[in-house]
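Participant: The structure is given below, and queries will be raised subsequently.
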Amino acid sequence: MSGGAGARLRLVSVSKRFVRAEHGAAAVADVSLTVEPGELLTLLGPSGCGKTTTLRMVAGFERPDTGQVLIDDQDVTGLMVYRRSIGFVFQNYALFPHLTVFENVAYGLRVQRLSEAVVRERVGRVLALVGLPGYERRFPNQLSGGEQQRVAVARAVVVEPRLLLFDEPLSNLDAKLRVQMREELSRLQRQLGITTVYVTHDQEEAMAISDRIAVMQAGRVAQVGTARDLYRAPRSVFVAQFIGRVNLLPARVVRAGPGAATVALWRREVTVPADGAGAIGADVSLVLRPESVGLLAAGAAPPAGEIAVDGVVRSRTFLGEKVEYTVEVDGASLLTVAYDPLRHGLFESGARVQVTCAPASLRLLTEA
Amino acid sequence: MSTILLLVASLLLAAPAWGADALNVYTAWPESLSQPIFKAYSAQTGVPINFIRLSTGELVARATAEKNNPRADVIWGAPGDGFAAAKAAGIIEPYRPPTAEKVPAELKDPEGYYTAVSRNTLLFMSNAKLLKEKGLKPPTSWNDLLDPAYKGQIQTADARTSGTALTRILSIYYAFGRDEEKAMEYQKKLHQNVQVYTKSGGGCTIPTAMGQAMVCIAHMPDAMEAKKKGYDMLTTFPREGVAAVIEGVALVKGAKNRDAAIRFIDWTFTKTMQDLLDKNEVYMLPTLPGGSINPAVQALMKEAKLLPVDLDWVGKNRKRLVDRWVNEVIKE
Amino acid sequence: MSPAAAPAGSSRAALRDPVLAPAVLLLWAAVALFVLYPVSRLLVLTFWDGGPTLAAVRELVTSWQHRRALGNSLLLAALVASTGTVLGFAFALLAVRAGLPRAVVGILDAVVLLPLISPPFTAAIALIFALGPRGLISYHVFGIASLNIYGLGGTLLSETITYFPIAYLTLKAVIANIDPNLEDGAFSLGARRGRVFRTVTVPLAAPGLANSFLLLSAASLADFATPLILGGTKFPVLPTQAFLQITGLYDMRGGAALSFLLLVPALAVFVAQRWWTERRSVVTVTGKSGAATSVKSLSPGAVALLALVCLATGLLVLTFYALIVVASMVRALGADNHLSMAHYAHVFGGGLKAIRDTLVIAAICMPVGGLFAVVLGFVVARTRFPGRRALEFAAMINYALPGTIVGIAYLVAFNDPPLALTGTAFILVVCYVFRYSLAGTRATTALLAQIDPSIEEASASLGARRDVTFRRVVLPLIRPALLAGMTVLFIRAMTAISATIFLVSLSWSLVTVRILEGITNLELGQASAFSVLVILLVYAAVALASVAMRWLPGGQLGRAGSLLGG
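Residue numbers (the numbering used here), protein chains in the order written: chain Y, 74 to 441; chain R, 78 to 409; chain F, 1044 to 1609.
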């Protein structure tokens, strides 16, 4: 399938407030984003953060109060939905119940009044593309959830839109199917090269398929970046906590320098990476991912360069390929994860341990 | 867009009265009596007639409402008081049919607004079986009806809708020598014996025939209809007299098919039409001298003491008489 | 994320939609012309004579007849609503809770449907035959000689029989929706049947009882034909008085003023009923119907009593209709009982024009009214067009008003140029469309509530303009609502009289008017024959619609007949 790919999407200071909102706060406040041609950008965030509203404004289902939506530098902010050349995949698929799979997929082509031969050819091709050849005559109520999902995608894609928009398309599927489908969607999108905006609240899904992720909170964009950037260098507590799991350690700045800072943690001074550490004496948080925490038996020597502190195991959860511990250190609780535990041994609840980590794996956030 | 086409199509379909060359008639006569006559006219002249049957009151009301845009061309077959009201309301125009020259003057409006098609009158129709059961003789006087034996056993027409009722009121009025107070007194007493007032003049005939009441005060044709159907009925007249009723015809003012209307009115006074009154068993007397007369009707009319009615006076006082009936007679 | 029924877009966006805006404008124009304009003309006629005046109304209030009529109307409405609701409740309990076999419930439904689909005064005629003086039942069977059915008693009985089916249909749905688990819960807490009925069943059914009370009050207030035949001079009521004022006394202003007097209670009841149904949340059950589990709240004694009451009523109804059928086939019921097809010969001979006219009008009404109802329902439920609530209310006015008022208003408003429409089929069609489309609109909004708006958004995202979406996606999915609306229109077109009696003309006559004429001219055999024909036609239509409904996807609206209730 050719054509339609490669449009650039730009959102410029887009805001929307719902008149009948209970909280009075804006649903979307001053959001600016650029999605490069062929890119898959995910809007990620908890429910109520404004990601779906933003997506619907791109589609044209909602109109921004302020700001602009530009597709390939064409201002489409005031353009009606049916003139925007988009493909929208709904959370509940929104298949037309009274039409066959063929007619569902052909719908957009029929609106364009294409000839029967062309319609038949394109529908056949796209159904094969999504893995449903031969399903033409069935009705939506005869399909499984996954199959309906594919038909919805096929329908959106067959019209060769400039933008592909997904509104939490996988949230109605069971876990295993979700994983399988997201791989297929990702592959399809790369193959077709259509600029895509994807909305989800599932951070694992976002990390698996996106070129970039925009994390949203309370109507604003908290941080945009690749999955790696967001995981490694979250710029706020919210983002840190939203992507992956995290331990937040309170600390105080002792000395600051370019790219690094010295903080007081666990009754000693540690030098950690930081950009813009803030004032001396400021209270900050250190991000420590569970997998970066090591556990050793009490008294064992810590690996070189790592800091160690005493702790007590409070609980243990054995999950097969990994085991999770909560360890009490200096009055606070730490979450740790250890992989391949059957090979490396398990600690008992109540055991005294040494908790170790490398200073480089501590990331400084100026929020306390 | 197909919706709009549908709407337009239905608009066109509903365009006002097709058959503009047909004649439009309002009549108060029951369909069984009027339709054969209209059919005969159409058969003879090829002009179709559209008509509606309305009670006298409704007829005048509708024609009055339509004053600025009359739908009917002719009012044919309604009691004289209706025409008096129509004349007062200004909805008919004078026309003297040349064929009606021979019709006696008392059967025509002096100013030519309407002419009598036939003569009619009021009578008492009684259920023979019920009378026998109760050992009663059929009533031959207005005062007979006040007998307590008739309590709840009399049916007659409602003055708000029926021309027959007005005939009754007028008959009582004239029978009591034009003493309005005496007439009102009588009607109040009569009211005690009345079971129900029917919407149309003939509305009491079948119930009486079926035994739901003993006596029905109705126009002659209605009573004879019931008798014709096979019900066992007795007809009598009050000796004090009943009002002479004329059934008339008039040209509607501003009629759209004026010429056709005039031709129809002229035809009404030909021997052909007048003979139909006998032939079709309409049970009314013709107004054109020399028309054939139904022997049964003739026998009946011989018994009756007919009281002449001043229609102009009726036209002016009709509303008042009916209002008095509503406010004084039927009030409980 | 799409919530189930939230309309998409903003009001400003709706205004700019190139298809929606003209459509709504057209709707408003139609409603303004055919609903608001006639009523305002009526008000002007009543309250304006050179300057504002209360003279007409004052005249009314000083007349004993009219004061009596107002009191009678209200009294009758209250009584009919009470007895009808109680009767309907009894029938509904029997149908839903007594564990009767489905075939029996089906028969019950069919019998109860009869009064709803027949011309409105069929019960009155039959009553006269059956229970009048020398009535076939009262005298010939029971030997009672002087039963007076004219007046309040007869009118009450006739209207109760005519309108209790509305209560039945309303209450049946309500009772079926009461979760039997609630009653079971009460039983498990030690309550006995009587207490459970009193403290659980009835309170839960209370919204339905109130609703049906209001519906029946409205129906009785507006009933013009029954009191015309049975009320007599002893029991005047407002719609009949208004009719007589105009047609008997040629007093348009007086008639208009009387209509206004009737308008106030009628509108009050209507508004109350709407407010009531919108405020009260109906007790919903997660998918289970009440009949599925065994219900214990009716003791065998209670069932027997209910069965007796319902049987007696059912027999009465059947007898009435049997009388009508017999009367249509004998020469003159009561006097000459020889079989004769003369009446039917007349119906299909001289009466053919009326039949053809009525069917033509009904046939035009159906698509026009059906589409109007559906488009209106869609605009109200699915768009955020400013003023759509007002449009919905305005469109309902002609339904809320008693037919007499609408008929008189139309007569006043459309008799003179430039809008001289009286006498045309157009005005009859318009009258029906704006009076009886409400059922279709309600069915549409109900059905739309079950359809996710994301389907329409999907269509828009695929490039389809609003009207294309409406035609290709919405319309096919709300076909049951369209069908229901058209069926109700057909039924009403075949049986309505109170508005249209003012609007028949030389060119267009209606079967119901012919029936009334037949009654007043004592051509009872003919009137009965016409009635039988109408009943058969309407029954066929309802049966056809019910079957079609089962075939269509999404036909959960149930029987078309149930829409006549609202």
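We put the CB at the ideal spot given by N, CA and C, even for glycine.
Taking Cβ positions only, does Glu405 of chain R come closer than 8 Å to chain F?
Facilitator: Walking along the second sequence from the start, residue 405 of chain R turns up at place 328. No, no contact with chain F.
Participant: For Asn357 of chain R versus Leu100 of chain R, is the C-beta spacing smaller than 8 Å?
Facilitator: Sequence index remark: in the second sequence, residue 357 of chain R carries index 280 (1-based). Sequence index remark: in the second sequence, residue 100 of chain R carries index 23 (1-based). Contact flag unset, no.
Participant: Kindly list, in the order they appear in chain F, the residues whose Cβ is closer than 7 Å to that of Gln185 of chain Y.
Facilitator: Mapped onto the first sequence, residue 185 of chain Y falls at position 112. Gly1506, listed in chain order.
Participant: Rounded to the nearest angstrom, what separates Leu116 of chain Y and Val231 of chain Y at their Cα positions?
Facilitator: Against the first sequence, residue 116 of chain Y aligns to sequence position 43. Against the first sequence, residue 231 of chain Y aligns to sequence position 158. About 24 Å.
Participant: Can you list the beta strand (DSSP E) stretches of 3 or more residues lying completely in the region 286-349 of chain Y, in chain order?
Facilitator: As far as the region 286-349 of chain Y is concerned, its whole beta strand (DSSP E) runs of at least 3 residues are 293-298, 320-330, 333-338 and 341-346.
Participant: Roughly how far, in whole angstroms, is the beta-carbon of Ala303 of chain R from the beta-carbon of Met310 of chain R, given that I think they are within contact range, below 8 Å?
Facilitator: Position 226 of the second sequence, counted from the first residue, corresponds to residue 303 of chain R. Position 233 of the second sequence, counted from the first residue, corresponds to residue 310 of chain R. Yes, Ala303 of chain R and Met310 of chain R are in contact; Cβ-Cβ is about 6 Å, under 8 Å.
Participant: Listing by chain order, which chain Y residues have their CB less than 7 Å from the CB of Val1590 of chain F?
Facilitator: To locate residue 1590 of chain F, count along the third sequence from 1; it is residue 547. Here the premise fails: no neighbours, minimum Cβ distance about 19 Å.
Participant: Can you name the residues of chain F whose CB is closer than 8 Å to the CB of Ile159 of chain Y?
Facilitator: By 1-based counting over the first sequence, the position of residue 159 of chain Y is 86. The answer, in chain order, is Ser1504.
Participant: In three-state DSSP terms, what is Val1129 of chain F?
Facilitator: On the third sequence, residue 1129 of chain F is found 86 positions in, with the first residue counted as 1. Helix at Val1129 of chain F.
Participant: Would you identify the three-state DSSP class for Met153 of chain Y, choosing helix, strand or coil?
Facilitator: Along the first sequence, one-based indexing puts residue 153 of chain Y at 80. Coil at Met153 of chain Y, not helix or strand.
Participant: In whole angstroms, give me the CA-to-CA distance for Val1346 of chain F and Leu1137 of chain F.
Facilitator: Your numbering for residue 1346 of chain F matches position 303 in the third sequence. Your numbering for residue 1137 of chain F matches position 94 in the third sequence. Near 7 Å, if we compare the C-alpha coordinates of Leu1137 of chain F and Val1346 of chain F.
Participant: Residues bridged to Met310 of chain R by DSSP?
Facilitator: If you number the second sequence from 1, residue 310 of chain R lands on position 233. Answer by DSSP bridge pairing, in chain order: R:Asn204.
Participant: Are the beta-carbon atoms belonging to Tyr1475 of chain F and Ala1416 of chain F less than 8 Å from one another?
Facilitator: The residue labelled residue 1475 of chain F in the question sits at position 432 within the third sequence. The residue labelled residue 1416 of chain F in the question sits at position 373 within the third sequence. No, Cβ-Cβ distance for Tyr1475 of chain F and Ala1416 of chain F is not below 8 Å.
Participant: State the Cα-Cα distance for the pair Ser277 of chain R and Ala381 of chain R, rounded to the nearest angstrom.
Facilitator: Position 200 of the second sequence, counted from the first residue, corresponds to residue 277 of chain R. Position 304 of the second sequence, counted from the first residue, corresponds to residue 381 of chain R. Taking the straight line joining both Cα atoms gives about 23 Å.
Participant: Between the region 1431-1440 of chain F and the region 1586-1597 of chain F, do at least 3 Cβ pairs fall closer than 8 Å?
Facilitator: No: the two stretches stay apart, fewer than three of their Cβ pairs being nearer than 8 Å.
Participant: When you compare each of F:Asp1060, F:Phe1134 and F:Ile1168 to Thr1563 of chain F by their alpha carbons, which one comes out closest?
Facilitator: Along the third sequence, one-based indexing puts residue 1563 of chain F at 520. Of F:Asp1060, F:Phe1134 and F:Ile1168, the residue nearest in Cα terms is F:Ile1168.
Participant: In or out: Arg308 of chain Y buried (at least 16 other Cβ within 10 Å) or exposed?
Facilitator: Taking the first sequence and counting its residues from 1, the one referred to as residue 308 of chain Y is at position 235. Buried, since its Cβ has 16 or more Cβ neighbours within 10 Å.
Participant: Bridge partners of Pro1095 of chain F, per DSSP?
Facilitator: Locating residue 1095 of chain F in the third sequence gives position 52, counting from the first residue. BP columns for Pro1095 of chain F point to F:Trp1091.
Participant: Going along the chain, which residues of its own chain have a beta-carbon closer than 8 Å to the beta-carbon of Ala1350 of chain F, five neighbours each way excluded?
Facilitator: As a first step, residue 1350 of chain F must be located in the third sequence, where it is residue number 307. Excluding sequence neighbours, Ala1350 of chain F sits near Leu1137 and Ala1141.
Participant: Tell me the rounded alpha-carbon separation between Ile1534 of chain F and Leu1454 of chain F.
Facilitator: Indexing the third sequence from 1 puts residue 1534 of chain F at position 491. Indexing the third sequence from 1 puts residue 1454 of chain F at position 411. Cα to Cα, the separation comes out at about 23 Å.
Participant: Checking contacts by CB at 8 Å: is Val1328 of chain F closer than that to chain R?
Facilitator: Here residue 1328 of chain F is taken as the residue at index 285 of the third sequence, counted from 1. Annotation note: pLDDT 36 at Val1328 of chain F (below 50); position unreliable, coordinate value reported separately. Chain R, which has no Cβ nearer than 8 Å to the Cβ of Val1328 of chain F, makes this no.
Participant: If I measure Cβ to Cβ from Ile231 of chain R and keep anything under 8 Å in the same chain, skipping five residues before and after, which residues do I get?
Facilitator: Reading the second sequence from its first residue, position 154 is the one you call residue 231 of chain R. These residues qualify, in order along the chain: Leu222, Leu267, Asn270, Val271, Gln272, Ala290, Met291, Val292, Cys293 and Ile294.
Participant: Look up Arg425 of chain Y in the DSSP assignment and say whether it is helix, strand or coil.
Facilitator: Along the first sequence, one-based indexing puts residue 425 of chain Y at 352. Of the three classes helix, strand and coil, the one that applies to Arg425 of chain Y here is strand, per DSSP.
Participant: Tell me the DSSP bridge mates of Cys1474 of chain F?
Facilitator: On the third sequence, residue 1474 of chain F is found 431 positions in, with the first residue counted as 1. Answer by DSSP bridge pairing: none, since Cys1474 of chain F is not bridged.
Participant: So which residues on chain F does Asn245 of chain Y lean against when the C-beta distance must stay under 7 Å?
Facilitator: Your numbering for residue 245 of chain Y matches position 172 in the first sequence. By Cβ distance, chain F contributes nothing, its closest Cβ being about 12 Å from Asn245 of chain Y, past 7 Å.
Participant: On the CB-based measure, 16 or more other CB atoms within 10 Å of its CB, does Thr1105 of chain F come out buried or exposed?
Facilitator: As a working mapping, residue 1105 of chain F is identified with position 62 in the third sequence. Exposed, by the Cβ-count rule.
Participant: Check the Cβ of Met1529 of chain F against every Cβ in chain R and list those closer than 8 Å, keeping chain order.
Facilitator: Stepping through the third sequence from its first residue, residue 1529 of chain F is reached at position 486. Going along chain R, no residue has its Cβ under 8 Å from Met1529 of chain F, so there is no contact; the nearest lies around 13 Å.
Participant: Does any residue of chain F bring its CB to less than 8 Å from the CB of Val149 of chain Y?
Facilitator: The sequence position of residue 149 of chain Y within the first sequence is 76, counting from 1. So no, Val149 of chain Y is outside the interface.
Participant: Would you say Pro363 of chain R reaches chain F, if we count a Cβ-Cβ gap shorter than 8 Å as a contact?
Facilitator: Stepping through the second sequence from its first residue, residue 363 of chain R is reached at position 286. No, Pro363 of chain R does not count as interfacial toward chain F.
Participant: Going by beta-carbon coordinates alone, are Val87 of chain Y and Gly160 of chain Y separated by less than 8 Å?
Facilitator: Taking the first sequence and counting its residues from 1, the one referred to as residue 87 of chain Y is at position 14. Taking the first sequence and counting its residues from 1, the one referred to as residue 160 of chain Y is at position 87. No, these two residues do not count as a Cβ contact at 8 Å.
Participant: Counting only Cβ pairs nearer than 7 Å, list the residues of chain Y close to Ile1498 of chain F.
Facilitator: Your numbering for residue 1498 of chain F matches position 455 in the third sequence. Result: Ala167 and Phe169.
Participant: Is the CB of Ala132 of chain Y under 8 Å away from at least one CB in chain F?
Facilitator: For the purposes of this step, residue 132 of chain Y is identified with residue 59 of the first sequence, where counting begins at 1. Chain F contact via Cβ: present.
Participant: Just the Cα atoms here: how many angstroms apart are Phe1428 of chain F and Lys124 of chain Y?
Facilitator: To locate residue 1428 of chain F, count along the third sequence from 1; it is residue 385. To locate residue 124 of chain Y, count along the first sequence from 1; it is residue 51. Looking at the two C-alpha atoms, the distance is approximately 26 Å.
Participant: Between Phe1172 of chain F and Thr282 of chain R, what straight-line distance do the alpha-carbon atoms span, to the nearest angstrom?
Facilitator: The sequence position of residue 1172 of chain F within the third sequence is 129, counting from 1. The sequence position of residue 282 of chain R within the second sequence is 205, counting from 1. Roughly 14 Å between the two C-alpha positions.
Participant: Rounded to whole angstroms, what is the Cα-Cα separation between Ala281 of chain Y and Leu113 of chain Y?
Facilitator: On the first sequence, residue 281 of chain Y is found 208 positions in, with the first residue counted as 1. On the first sequence, residue 113 of chain Y is found 40 positions in, with the first residue counted as 1. Going from the Cα of Ala281 of chain Y to the Cα of Leu113 of chain Y covers about 11 Å.
Participant: Under the DSSP definition of a beta bridge, which residues are partnered with Asp148 of chain Y?
Facilitator: Working through the first sequence from its first residue, we reach residue 148 of chain Y at position 75. Bridge partners of Asp148 of chain Y: Y:Leu143.
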